[in-house]
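Heads up: the sequence shown runs through residues -22 to -1, 1 to 148, numbered per mature numbering (1 follows the signal peptide of the UniProt record, and there is no 0). Note that beta-carbon positions come from the ideal geometry of N, C-alpha and C, so glycine has one too. Quick caveat: nothing in here was measured; it's all calculated off a predicted structure.
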Amino acid sequence: MLKKSLLFFLVIFLLNVSLCLASPDDNAMIAVALYVDTSGYYVPGTDFLTKALNEVIRFKINALFLGSEVQSGNAVLRDLARSGITNTASATPDLLSTYASAAHVNYVMLFTIHPLDVSLDLKAFSSATNSCIVDKSLTKPDGIEALSVLDTFSSMIGEQITQIFQTIHS
């Protein structure tokens, strides 16, 4: 009986801890799109890079936004295209607002990676304020020449998701 009681209280305690770490918006819905811009050139391994980076993004967002639902992949890209958004540069606040209300999401994060010059364009939109909370371009950081393209983009995207999370919570 004592073991069952302790187990019950432990479960309740862990549940409360995870609820405290949850995102500020109840059931925050996040849509994430990853575009790959090869400037019309064939770049071998782009599909593997895309799949791997989508998993990195999904894992990082799930770790930071506990209790949130993350929408990503081809369905998000298709719905964004229907709203007139074909990449990060074409995403205006009006178009993102239209998409966010149609998809019932609180946040939209768009990443465009450029594997040829190892750069990243990022835009994060909040439907609560109907504005972009982050809009920037990043180039390859110094000192990472030994890293693979996947490791470089994983690091860049992971750092940016953490910064977006901090921006949302401040």
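Your pair residue 101 and residue 69 checks out as a contact, with CB atoms roughly 5 angstroms apart and the cut at 8 angstroms. Spatial neighbours of residue 14 in its own chain (CB-CB distance under 6 angstroms, excluding positions within 5 residues in sequence) are listed in chain order as 24, 28, 91.
Residue 141 and residue 131 have their C-alpha atoms some 15 angstroms from each other.
In this structure residue 9 is buried. Its beta-carbon is surrounded by 16 or more other beta-carbon atoms within 10 angstroms. Residue 91 carries a strand assignment under DSSP once its states are collapsed to helix, strand and coil.
Beta-carbon to beta-carbon, residue 57 and residue 81 are separated by about 6 angstroms, close enough to satisfy the 8 angstroms threshold. The continuous stretches of alpha helix (DSSP H) do not include residue 12, which lies in the beta strand (DSSP E) extending over residues 7 to 14. In the structure shown, residue 77 falls within a helical segment according to DSSP collapsed to helix, strand and coil. Residue 119 is classed as exposed because its beta carbon has fewer than 16 other beta carbons within 10 Å across all chains shown.
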